[in-house]
Amino acid sequence: MKHSNIAIFIPHAGCRHKCSFCDQQTITAQKRLPGQGDVRCICEEAFREISDLSQTEIAFFGGSFTAIPHPYMLELLEAARPYAERCKGIRISTRPDAIDGSILHMLQTYSVRAIELGVQSLDDSVLQKNGRGHTAADVERACDMIRREGFELGLQIMPGLYGSTPETDRATAERVCEIHPDTVRIYPVVVLEGTELARLYKAGTYQPRPFEDMVNEVATMMRRFQEKDIRIIKVGLHASEFVGTQALGGYYHPAFRELCESRIFRKRIKDAVLLAAAGKWEEVYKIAVHPGCISKAIGQKQENLHYFYETFGTRLYIVPDRTVAPFEARIVKE
Ligand code: SF4
Numbered sequence: 107m108k109h110s111n112i113a114i115f116i117p118h119a120g121c122r123h124k125c126s127f128c129d130q131q132t133i134t135a136q137k138r139l140p141g142q143g144d145v146r147c148i149c150e151e152a153f154r155e156i157s158d159l160s161q162t163e164i165a166f167f168g169g170s171f172t173a174i175p176h177p178y179m180l181e182l183l184e185a186a187r188p189y190a191e192r193c194k195g196i197r198i199s200t201r202p203d204a205i206d207g208s209i210l211h212m213l214q215t216y217s218v219r220a221i222e223l224g225v226q227s228l229d230d231s232v233l234q235k236n237g238r239g240h241t242a243a244d245v246e247r248a249c250d251m252i253r254r255e256g257f258e259l260g261l262q263i264m265p266g267l268y269g270s271t272p273e274t275d276r277a278t279a280e281r282v283c284e285i286h287p288d289t290v291r292i293y294p295v296v297v298l299e300g301t302e303l304a305r306l307y308k309a310g311t312y313q314p315r316p317f318e319d320m321v322n323e324v325a326t327m328m329r330r331f332q333e334k335d336i337r338i339i340k341v342g343l344h345a346s347e348f349v350g351t352q353a354l355g356g357y358y359h360p361a362f363r364e365l366c367e368s369r370i371f372r373k374r375i376k377d378a379v380l381l382a383a384a385g386k387w388e389e390v391y392k393i394a395v396h397p398g399c400i401s402k403a404i405g406q407k408q409e410n411l412h413y414f415y416e417t418f419g420t421r422l423y424i425v426p427d428r429t430v431a432p433f434e435a436r437i438v439k440e
């Protein structure tokens with residue numbers, strides 16, 4: 107059964123800082139904060155459409171949930187509670203420096219079961235340059251507390267921020283592997299009109315790394331998270347006309363995840379040839395992948411097939427094979 111979220115957006119509620127990259131009104135396409143009636147309405151509508159609620163969560167996204175004024179936070183939780191008791195529970199996203207023992211105990215009484223932290227980077231200088239207002243130590247402390255209290259832990263990271271390098275982003279991903287959250291979301295930076303990052307970008311102070319480099323960097327991070335059995339629940343901002351029209355630069359692509367997944371296969375296929383044929387590139391190779399991975403292995407617009415032909419003069423035939431694990435590739439010997 108597939109997991110689903112009933113998303114309720116609270117754009118910028120509780121945000122003590124204006125982070126350099128963030129404009130939740132554009133990202134969520136929502137200007138005003140929801141009230142209790144909105145929460146009930148959104149849940150009623152979703153509950154009518156979802157047949158099996160066992161894998162469904164009510165998700166408060168787009169702000170710093172645990173930093174919003176308590177009366178409003180309690181209003182939202184009270185409105186969501188009767189629905190949360192009929193599904194998997196409530197998921198929230200918040201800032202690492204807005205977690206403490208009393209908040210966590212209060213969330214437990216309202217069926218909140220998963221907490222996602224906006225981490226972005228675990229490099230203090232990157233955090234500081236992007237106006238985050240917290241440190242890497244705050245993240246570590248919050249993760250410990252969330253885990254200790256038995257919540258599912260999710261971390262959101264943002265490679266490519268102002269002041270970051272491939273090394274700082276790689277180190278962040280490695281530290282995330284060590285923290286070992288249950289889930290991660292990877293949001294490569296998108297420069298949105300009206301943000302501080304847009305100002306730095308227009309002034310030439312912030313220059314994002316090339317798009318192709320970021321696809322490769324994120325593909326490498328995804329491989330590491332897969333190796334560590336950390337569930338990747340999102341890669342790239344969700345495609346919307348609002349984000350599309352407000353994106354000045356950075357890494358907005360409606361199918362960023364698919365681009366990275368095809369890069370993962372590029373590496374897997376190279377590894378398979380190294381292993382099975384000592385790196386000898388024949389004119390033709392038949393490569394078996396899991397049936398659910400055929401399009402990922404071929405790549406968008408057949409980019410992997412073109413890549414191997416242009417780089418090694420090899421024609422690839424990708425064939426389905428249920429015995430091959432997802433994201434693995436095996437040479438078929440005939
Ligand atoms: S990144 Fe998070 S904390 Fe920063 S402004 Fe956006 S919603 Fe608020």
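Position 282 of the sequence shown, counting from 1, maps to 388 under my numbering, and the rest follow consecutively. All C-beta atoms in this analysis are idealised placements derived from N, C-alpha and C, irrespective of residue type, glycine included. Just so you know, these numbers come straight off a predicted model, no measurement behind them.
Notebook entry, point to check: What is the DSSP secondary structure of Y413, reduced to helix, strand or coil?
Noted result: Position 307 of the sequence shown, counted from the first residue, corresponds to residue 413. It is helical.
Who's in the neighbourhood of the ligand SF4, going by beta-carbon under 6 Å from any heavy atom, listed in chain order? H118, C121, H123, K124, C125, C128, Q130, G169, S170, R201, G224
Extent of the continuous beta strand (DSSP E) to which N111 belongs:
The sequence position of residue 111 within the sequence shown is 5, counting from 1. From DSSP, the beta strand (DSSP E) with N111 extends over 110-115.
Task: Segment contact flag, the stretch 183-198 with the stretch 215-234, C-beta cutoff 8 Å, min 3 pairs - done: yes
Output needed for T289: all residues of its chain with C-beta closer than 6 Å, excluding positions within five of it in sequence on either side, in chain order. By 1-based counting over the sequence shown, the position of residue 289 is 183. Closer than 6 Å at the Cβ level, and outside the excluded window around T289, lie G260, R337, I339.
Checklist entry - Does the Cβ-Cβ distance between I205 and A165 come in under 8 Å? => result As a working note, residue 205 is residue 99 in the sequence shown. As a working note, residue 165 is residue 59 in the sequence shown. No, the pair does not count as a contact, with Cβ atoms beyond the cut-off.
Q.
Quick check on this structure: which residue in I209, V232, V379 has the alpha carbon closest to the alpha carbon of L267?
A. By one-based count along the sequence shown, residue 267 stands at place 161. Cα-wise, what sits closest to L267 is V232.
**Prompt:** Roughly how many angstroms separate the alpha carbons of R442 and C147, rounded to a whole number?
**Reply:** Residue 442 is absent from the structure shown; the chain starts at 107 and stops at 440.
- Item | Every unbroken alpha helix (DSSP H) within the stretch 308-395, with a cutoff of 4 residues, ordered by chain | 317-333, 347-352, 362-383
inquiry  = So, at 7 Å on beta carbons, what are the nonlocal neighbours of V321 in its own chain, with the 5 sequence-adjacent residues on each side left out?
reply    = The sequence position of residue 321 within the sequence shown is 215, counting from 1. L365, C366, R369, listed in sequence order.
Would you identify the three-state DSSP class for S199, choosing helix, strand or coil? Position 93 of the sequence shown, counted from the start, is the residue given in the question as residue 199. Three-state result, S199: strand.
- prompt: Between the stretch 405-417 and the stretch 429-440, do at least 3 Cβ pairs fall closer than 8 Å?
  reply: no
Using CA coordinates, which residue listed in T351, T200, Q332, G169 is at the minimum distance from A279? Counted from its first residue, the sequence shown places residue 279 at position 173. Of the listed residues, the one whose Cα sits closest to A279 is Q332.
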